[in-house]
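Okay, so the sequence shown: first residue is 4 according to this note's numbering, each after it adds one. Just below is one structure, and these are the notes that go with it.
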Amino acid sequence: MMEWFKEFSEYLFPEDSRNLRIEDAFALKHKHIPSRLFKYRSADGYSIKNLRDGTVWLAHPSSFNDPYDCHIFVNSDKAGGTSMPPDFRDMFAKPIYELLEARVAAGERPLKAAREVLSKAMSPEQLAAFDELLAECDRAFGKDLETLKDSYRACSFSARLDSMLMWSHYADQHKGFCIEYMVSDLPPSDYCNRFMYPVIYQDEVFDASTVMKSGEHYNNLRPTQIALVKAADWKYEEEWRLVLDHGFIKEHGAPFRMPTPKAVYLGSLIKEQDATDIKEICAEKGIPVFHVEHDRHRFRMTPRAI
Numbered sequence: 004m005m006e007w008f009k010e011f012s013e014y015l016f017p018e019d020s021r022n023l024r025i026e027d028a029f030a031l032k033h034k035h036i037p038s039r040l041f042k043y044r045s046a047d048g049y050s051i052k053n054l055r056d057g058t059v060w061l062a063h064p065s066s067f068n069d070p071y072d073c074h075i076f077v078n079s080d081k082a083g084g085t086s087m088p089p090d091f092r093d094m095f096a097k098p099i100y101e102l103l104e105a106r107v108a109a110g111e112r113p114l115k116a117a118r119e120v121l122s123k124a125m126s127p128e129q130l131a132a133f134d135e136l137l138a139e140c141d142r143a144f145g146k147d148l149e150t151l152k153d154s155y156r157a158c159s160f161s162a163r164l165d166s167m168l169m170w171s172h173y174a175d176q177h178k179g180f181c182i183e184y185m186v187s188d189l190p191p192s193d194y195c196n197r198f199m200y201p202v203i204y205q206d207e208v209f210d211a212s213t214v215m216k217s218g219e220h221y222n223n224l225r226p227t228q229i230a231l232v233k234a235a236d237w238k239y240e241e242e243w244r245l246v247l248d249h250g251f252i253k254e255h256g257a258p259f260r261m262p263t264p265k266a267v268y269l270g271s272l273i274k275e276q277d278a279t280d281i282k283e284i285c286a287e288k289g290i291p292v293f294h295v296e297h298d299r300h301r302f303r304m305t306p307r308a309i
């Protein structure tokens, strides 16, 4: 993990909102946004329209190519915190409830601790009812997670122009194009800069236990982390991601206006008509165009100005 991102997370994603340092977080991130970010595109009608309109498409997670993208799990014990759920208060006599509270507060696995106490004080029928209540809590968490995932809209960028894999995967087998943006030139207050985050690559699925909480001082920015974690296998992409969440966009997807591109790169196998259409748009906008060529002696691609 990038060392600066740990500090950024401490500023922006503390559990207690009273510890938020929002502007410090975005100022720190601004220092580390790559000077060039690239968007790989197929040369289809939608992509060419986005180029003409100066936009990118913020997509719903269901359209991402990684089934683990925005995938999360919740440890019910962690999510339950160190206190008994209020709904349980009416189920027990006061002495038993207070004993449960004490065990839950002291235990690393609060729900397991509560069940151990109850197994000695309840009939099998009562214990079965308690287990069903816990199962219902798990189902409720699952629904909350799906609602949370449904609130994200994102667009992916890369710090790399030279990835043959990405030219194959995201630019239609080198028949598409790639757009260069200078997001780092924008002020930190600009939405494109402000909501551009690095993707963190790791082996574990994101544990959302501590972001599925509530309370007077709960930091509602914490769930943004869910959209920033991907499997380590994707590390070669060096992805940065424009993320809008909390239902900012109600539609399944929506265009988002970007700064004027710094340059456009045509894939080595782009069709002549697609290249002509893209060059005409770029000429109108004053955007330099390059053609990416394959080195004959090395596995390397080199942009050549047109």
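Built from N, CA and C at the ideal position, the CB exists for glycine as well. This one's a predicted model, so the numbers in the text were calculated from it and none came from an experiment.
According to DSSP, what are the bridge partners of residue i?
i      : result
GLN205 : ALA234
PRO17  : Paired residue(s): none; PRO17 is not in a bridge.
TYR194 : According to DSSP, TYR194 bridges with nothing at all.
MET304 : HIS297
MET199 : LEU245
PHE180 : ARG44 and LEU269
VAL186 : According to DSSP, VAL186 bridges with nothing at all.
ARG118 : Answer by DSSP bridge pairing: none, since ARG118 is not bridged.
SER126 : In DSSP, SER126 forms no bridge with anything.
CYS158 : LEU245
TYR221 : ASP19
Mind checking whether residue i and residue j have CB atoms under 8 angstroms apart?
i      : j      : result
TYR200 : ARG244 : yes
PHE180 : ARG44  : yes
ILE51  : ASP280 : yes
THR263 : GLY57  : yes
SER12  : HIS220 : no
PHE16  : LEU224 : yes
PRO190 : ASN53  : no
GLY256 : TRP60  : yes
VAL246 : TYR155 : yes
CYS195 : MET261 : yes
LEU121 : LEU130 : yes
GLU254 : SER159 : no
Measure the beta-carbon distance from residue i to residue j and round it to whole angstroms, keeping in mind my assumption that it falls under 8 angstroms.
i      : j      : result
ILE290 : ALA308 : About 12 angstroms separates the two Cβ atoms, so there is no contact after all.
LEU151 : ILE229 : 7 angstroms
ALA62  : ALA157 : 6 angstroms
VAL232 : PHE198 : Between PHE198 and VAL232 the Cβ distance is about 17 angstroms, and since that is not below 8 angstroms, they are no contact.
TYR310 : LEU40  : The requested residue 310 does not occur in the structure, where the chain is confined to residues 4 to 309.
LYS42  : ILE182 : 5 angstroms
Which same chain residues, not among the five before or five after residue i, have their C-beta less than 8 angstroms away from its C-beta?
i      : result
LEU272 : GLN176, HIS177 and LYS178
PHE293 : ALA266, VAL267, TYR268, LEU269, PRO306, ARG307, ALA308 and ILE309
GLU135 : none
TYR49  : TRP60
ALA30  : PRO191
ASP206 : ALA234 and ALA235
Please list, in chain order, all residues of the same chain as residue i whose beta carbon is under 7 angstroms from its beta carbon, the five residues on each side excluded.
i      : result
GLU128 : none
ASP277 : ALA46
ASP153 : none
Please go through the same chain and pick out, in chain order, the residues whose beta-carbon is closer than 6 angstroms to the beta-carbon of residue i, but skip the five residues on each side of it.
i      : result
GLU240 : SER161
SER38  : SER187
THR227 : ASP248
LYS32  : PHE11
ARG55  : ILE284
TYR14  : ARG24, ASP27 and ALA28
Would you say residue i faces chain D, with C-beta separation under 8 angstroms as the test?
i      : result
PRO190 : Considering every chain present, this structure includes no chain D. It has just one protein chain.
>> My parser needs the alpha helix (DSSP H) runs of 4 or more residues fully inside the region 5-66; what are they?
In response: DSSP runs (the alpha helix (DSSP H)) wholly in the region 5-66: 6-15, 25-35 and 48-56.
>> Which runs of the alpha helix (DSSP H) at least 4 residues long sit entirely within the region 228-289? Give them in chain order.
In response: Runs of alpha helix (DSSP H) with 4 or more residues, each lying fully within the region 228-289, are found at 275-288, listed in chain order.
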